[in-house]
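Data block below; observations after.
Below is the structure:
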C-alpha cells in the first residue's frame with residue numbers, strides 16, 4: 025500500500041545516515057591531524073615514545089564519544 029512512502033522514508037534516512045557518517049569521519053580526520061601535529065611538536069622535547077603515548081591516549085579518548093553517539097542514535101529494528 026504505502027510502498028512509495030516507505031521507500032522515500034528509507035532513502036531519506038539513508039541520506040541522513042550518510043550525512044552523519046561524513047561528519048563523524050571528518051571529526052576523526054581533524055583529530056588525527058591535530059593529534060599528529062601536537063605529537064610531532066612534543067616529540068622534540070619529550071622524545072618519540074612519550075609523545076606517541078600522549079597522542080594515543082588523547083586520540084582514543086576523542087574517538088570514543090562519536091562512536092558512542094553513533095551507537096546511541098541507532099534505532100532498534102522494527103519487526
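Numbering (the working numbering), first residue to last: 25 to 103. By construction, the Cβ of each residue, glycine as well, lies at the ideal position given by its N, Cα and C atoms.
Consult DSSP for residue i and reduce its assignment to one of helix, strand or coil.
| i | result |
| --- | --- |
| residue 26 | Summary for residue 26: the model assigns pLDDT 49, below 50, so the residue's position carries little reliability; its value from the coordinates is reported in the next sentence. Three-state DSSP puts residue 26 in coil, outside helix and strand. |
| residue 71 | coil |
| residue 37 | helix |
Note down the Cα distance separating residue i from residue j, rounded to an integer number of angstroms.
| i | j | result |
| --- | --- | --- |
| residue 59 | residue 90 | 16 Å |
| residue 98 | residue 61 | 33 Å |
| residue 69 | residue 79 | 14 Å |
| residue 95 | residue 44 | 12 Å |
| residue 63 | residue 38 | 37 Å |
| residue 36 | residue 48 | 19 Å |
| residue 84 | residue 74 | 15 Å |
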